[in-house]
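Residue numbers (the working numbering), protein chains in the order written: chain X, 1 to 493; chain B, 1001 to 1493.
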């Protein structure tokens, strides 16, 4: 199976595409730019969803559901919002089909044109704030802490599975607050929830920061983000949290009677992560043999493969496998015994490597004799023989899973550090981007003009102004104008 | 709060609409026919989803995700399918907006017309079977047992919250099998899963049956269904499971190499339940005071309301409430202590009645003195005083929740039975439908012509041919022609 997987060093992009398809994660559909998320890929997404949902609820949020369609006029109510999204909107103009003249096909019924066209939501601020208007009268109705799991559509010309698709799945939180301070705190809280999820569950180290004016969300005052480094030296934005100020409250006239009885506009936030995280997860850890999954998100954590030549051997191995499974079950460790006789052990080894199952156990007749089990780790492909008389296999598996979770995080952390370079001249800036890639920490004069010129010349954008930015006098690498601290540039997905 | 709720006996329809809004379940949105599912309503739906998802996985199904959009030409591939859905399709024709001449609004960019229009999925058979074509080569690839949680759109002219909306949420299972027998078994299995879910979780008794030709799914060979009786004597279809035969396999050319090496078309099923179940849940059990929820689906199962006049009293009551909550928590019983001082106890009583919280505890200073708690049941509005010295309150609450679940099921079961009438003449048929409503069990000659005429004259349709139909010679109530058994007619939602 994995034999044919392209090598990362030769064609990273092809390696990614092939991996996504061969590991049964997703595939392109017949509908341009839309993907099919296959059962194995979806089961990883479900694990992400479950954990994120738990974290959202723990921080006081409830789920709700708002319409898929947005009346065209709503989009225009917030000026920069419509500017940001108008160019990639799927538009519903009719509500009926009818038979064509041949009677064999269907055509759009010209008599069923909508009075006002509907936009398939690219994001839901407008439809949600138009609803919040009726939900908020007094400060007692605040805060509104609501999240939605949904599909959204942004018409993309160049698409890539998970990373950029016309339709994608996501969650979008939309909150309304009494004060600016509370809304600002919420924005940061959710950025931190995303960062904790990325680091603790995806084993993905991230930089927490704030976007420059050119890169922020259309309609936000400030956009906070988490940025991660992929193995090819390109950055990936893994989640954003927007402080909306009173922009949408003003656009949709959402006011409340404050504690002093005065009418004021509500303060808002919105925040989201999407199936893009699947792309980040795949690209951050996987290798030329296939997926490497953090145990906390692996749909299957342990696989047991019997090495047998007769039914009697298989029966004896099955007994042992059942013991192991019974012991792992109460710990919530998922495990499968693959006793199919239609595939050889070698084929199965490659298959589960491709699928990223963290721990593989192999048991043959000789193992039964010596009371041993061969244990292989997916992350470093190492193998050890565990003597189950001398060692508690269950504990050993549990510890190994924990160690894999830690190790792949540490590996990615070291990689991100290695791929972060401070530069002080334009020549260095260009050279690092060309030859090494990664994050380039450089002084910037703070103007969108410089940012744009750098982007045009190098394709690198400001990924973020890190929240832990050091105050440090310097000169912009491009313009030479004064700067107060370094920002992170990178080429990005 | 509930004071203003209309009475069921006076205006059932208004009672339903008001209840849905006032209990914070859902509301109409600014987009015609689309609803907003509010957090409280959504939390009930989440409980339904979680249980159904568990049942699907237990029966071997995996979740996946397929595109929202369906190319227009796909719909036409199965003749009866397109006929059934063409009249209610939302059609995407353009992929971009641009600024209008005033620069203040946006218009659809005429240069961004799609080559082929896209239909927002009304159901996903076509897009899924076009994908299955690539997933199935040999009998070894079968069965495919896949489910999808998604939003779908059917353009409805007359909409009602949850019962009939242009966009709704649902799950749709789509399976592919090697043999007709297996597909038929799957169809029945999923109908039974729905019936068990309705009866055990929603406390909703259902009739299992098969649809007549006129009422079956567009593209199915047979449609199995579960039908429930609402308090106003109208029936509600609560779930359907379709045996597709080889219809979609033929339309999309999905073939496999069988065990004998011959190429054959795959056998298919599809099955779904939607947010319509919310409507059934509300209408089956609720009363003039508000919602009545089965404990297994109630987002909040127990509420504790303190009766206090001073902070000292509240502090003492809080101590007792905390003890109760700590004892309920390990049993997985959800409980809330509502100690807000901005609302009076009487207001809170009415509010939690409206929201359908199954058990309410009230504790005042005198209760502390006598070691008592007043416990009220939402289903029958009965109150008892529990002496916590003599009785284990935790057990009592647990048993009461179980008893409520049972009681509301039994009540609905008795009601359904009472509302089912066997009739043998056309006069009786008309009279029962007019005066009593409910299911009318009557002989029918088996022709769509008779079925149509009965529908035109009475608005009643054949809800189903019950699976437990007795073989019984009789004469069609309408045509007088021979019949082999009774079918269930009713007016329906």
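Where a beta carbon is used, it is the ideal one built from N, C-alpha and C, also for glycine.
Neighbourhood of residue i by C-beta distance below 6 angstroms, restricted to the same chain and skipping five residues each side
{"i": "residue 1239 of chain B", "result": "1194, 1226, 1273"}
{"i": "residue 1184 of chain B", "result": "1243"}
{"i": "residue 281 of chain X", "result": "202"}
{"i": "residue 147 of chain X", "result": "56, 61, 63, 171, 173"}
{"i": "residue 399 of chain X", "result": "none"}
{"i": "residue 11 of chain X", "result": "none"}
{"i": "residue 214 of chain X", "result": "448, 451"}
Cβ pair residue i, residue j closer than 8 angstroms
{"i": "residue 299 of chain X", "j": "residue 47 of chain X", "result": "yes"}
{"i": "residue 361 of chain X", "j": "residue 292 of chain X", "result": "no"}
{"i": "residue 108 of chain X", "j": "residue 1093 of chain B", "result": "yes"}
{"i": "residue 1476 of chain B", "j": "residue 1444 of chain B", "result": "yes"}
{"i": "residue 1429 of chain B", "j": "residue 1461 of chain B", "result": "no"}
{"i": "residue 121 of chain X", "j": "residue 169 of chain X", "result": "no"}
{"i": "residue 8 of chain X", "j": "residue 162 of chain X", "result": "no"}
{"i": "residue 471 of chain X", "j": "residue 480 of chain X", "result": "no"}
{"i": "residue 1466 of chain B", "j": "residue 1209 of chain B", "result": "yes"}
{"i": "residue 1335 of chain B", "j": "residue 1305 of chain B", "result": "no"}
{"i": "residue 1290 of chain B", "j": "residue 1019 of chain B", "result": "yes"}
{"i": "residue 1241 of chain B", "j": "residue 1187 of chain B", "result": "yes"}
{"i": "residue 973 of chain B", "j": "residue 1387 of chain B", "result": "Nothing can be reported for residue 973 of chain B: it is not among the residues displayed for chain B, which extend from 1001 to 1493."}
{"i": "residue 1374 of chain B", "j": "residue 1385 of chain B", "result": "yes"}
{"i": "residue 1256 of chain B", "j": "residue 1141 of chain B", "result": "yes"}
{"i": "residue 1088 of chain B", "j": "residue 1154 of chain B", "result": "yes"}
{"i": "residue 278 of chain X", "j": "residue 44 of chain X", "result": "yes"}
{"i": "residue 1453 of chain B", "j": "residue 1478 of chain B", "result": "yes"}
{"i": "residue 364 of chain X", "j": "residue 307 of chain X", "result": "yes"}
{"i": "residue 1437 of chain B", "j": "residue 1233 of chain B", "result": "yes"}
{"i": "residue 53 of chain X", "j": "residue 38 of chain X", "result": "no"}
{"i": "residue 258 of chain X", "j": "residue 139 of chain X", "result": "yes"}
{"i": "residue 1106 of chain B", "j": "residue 76 of chain X", "result": "yes"}
Residue i Cβ short of 7 angstroms to the ligand NAD heavy atom set
{"i": "residue 1410 of chain B", "result": "The ligand NAD is not among the ligands present in this structure, which contains no ligands whatsoever."}
Neighbourhood of residue i by C-beta, 7 angstroms cutoff - its chain only, sequence neighbours within 5 removed
{"i": "residue 31 of chain X", "result": "none"}
{"i": "residue 1248 of chain B", "result": "1078, 1125, 1129, 1219, 1268"}
{"i": "residue 270 of chain X", "result": "125, 172, 173, 174, 242, 244"}
Residues near residue i by beta carbon distance below 8 angstroms, same chain, minus five either side
{"i": "residue 1413 of chain B", "result": "1205"}
{"i": "residue 1246 of chain B", "result": "1265, 1266, 1267, 1268"}
{"i": "residue 1116 of chain B", "result": "1071, 1072, 1073"}
{"i": "residue 1333 of chain B", "result": "1301, 1302, 1397, 1398, 1401"}
{"i": "residue 1357 of chain B", "result": "1293, 1298, 1300, 1301, 1302, 1303, 1378"}
{"i": "residue 432 of chain X", "result": "421, 423, 438, 440"}
{"i": "residue 1182 of chain B", "result": "1143, 1267"}
Do three or more CB pairs link the stretch 377-386 of chain X to the stretch 317-325 of chain X at distances below 8 angstroms?
The stretch 377-386 of chain X is not in contact with the stretch 317-325 of chain X.
At a Cβ cut of 9 angstroms, what residues of the stretch 154-175 of chain X count as close to chain B, listed as they run along the chain?
Against chain B - using a Cβ distance shorter than 9 angstroms - the residues of the stretch 154-175 of chain X are 155, 166, 167, 169.
Below 8 angstroms, how does it come out for the stretch 1078-1089 of chain B and the stretch 1057-1066 of chain B: are there three or more Cβ pairs, yes or no?
Output reads no: the stretch 1057-1066 of chain B does not touch the stretch 1078-1089 of chain B.
Report the residues of the stretch 90-106 of chain X with a CB closer than 8 angstroms to any CB of chain B, ordered along the chain.
Taking 8 angstroms as the upper bound on Cβ-Cβ separation, chain B lies near residues 90, 91, 92, 93, 94, 95, 96, 97, 98, 99, 104, 105, 106 of the stretch 90-106 of chain X.
Pairing CB atoms from the stretch 124-140 of chain X with CB atoms from the stretch 96-114 of chain X, are three or more of them under 8 angstroms?
Taking 8 angstroms as the limit for Cβ pairs, the verdict is that the stretch 96-114 of chain X does not touch the stretch 124-140 of chain X.
Compile a chain-ordered list of the residues in the stretch 242-269 of chain X whose CB is closer than 9 angstroms to at least one CB of chain B.
Along the stretch 242-269 of chain X, there is no position whose C-beta sits under 9 angstroms from a C-beta of chain B.
As an exercise, report each continuous alpha helix (DSSP H) stretch of at least 4 residues that is fully enclosed by the stretch 1121-1188 of chain B, in chain order.
Those alpha helix (DSSP H) runs which fall completely within the stretch 1121-1188 of chain B and span 4+ residues are 1125-1135.
Three CB pairs or more closer than 8 angstroms across the stretch 203-218 of chain X and the stretch 398-416 of chain X:
The answer is yes - the stretch 398-416 of chain X touches the stretch 203-218 of chain X, with three or more Cβ pairs under 8 angstroms.
In chain order, what are the residue ranges of uninterrupted alpha helix (DSSP H) at least 4 long that sit wholly in the stretch 1342-1385 of chain B?
With a minimum length of 4 residues, the unbroken runs of alpha helix (DSSP H) contained wholly in the stretch 1342-1385 of chain B fall at 1345-1355, 1365-1370.
Using a Cβ-Cβ cutoff of 8 angstroms, what residues of the stretch 1112-1128 of chain B are near chain X? List them in chain order.
Hits within the stretch, in order: 1117, 1118, 1119, 1120, 1127.
Ignoring anything shorter than 3 residues or poking outside the stretch 426-457 of chain X, list the beta strand (DSSP E) runs there in chain order.
Correct list: 439-443.
In chain order, each alpha helix (DSSP H) run of at least 4 residues that lies wholly inside the stretch 51-123 of chain X:
Complete alpha helix (DSSP H) runs here, min 4: 72-75, 79-85.
Give me the subset of the stretch 1029-1049 of chain B whose CB atoms are less than 7 angstroms from a CB atom of chain X, sorted by chain position.
So the list reads 1029, 1030, 1031, 1034, 1036, 1037, 1038, 1039, 1042, 1043, 1046, given in the order they occur along the chain.
Give me the subset of the stretch 295-324 of chain X whose CB atoms are less than 9 angstroms from a CB atom of chain B, sorted by chain position.
Across the stretch 295-324 of chain X, no CB contact with chain B closer than 9 angstroms is found for any residue.
Interface positions of the stretch 1135-1152 of chain B facing chain X (Cβ-Cβ less than 8 angstroms), listed along the chain
Of all residues in the stretch 1135-1152 of chain B, 1140, 1146, 1150, 1151 have a Cβ within less than 8 angstroms of some Cβ in chain X.
Please specify which runs of the alpha helix (DSSP H), each continuous and at least 4 residues long, are wholly inside the stretch 1276-1331 of chain B, giving them in chain order.
Every alpha helix (DSSP H) of 4 residues or more that sits fully in the stretch 1276-1331 of chain B is shown, in chain order, as 1276-1285, 1311-1328.
In chain order, what residues of the stretch 1054-1067 of chain B put their CB closer than 8 angstroms to some CB of chain X?
Residues passing the 8 angstroms Cβ filter: 1062, 1063, 1064, 1065, 1066, 1067.
Which complete beta strand (DSSP E) runs does the stretch 227-286 of chain X hold, if anything under 3 residues is left out?
List check, beta strand (DSSP E) in window: 235-245, 255-257, 263-265, 267-274.
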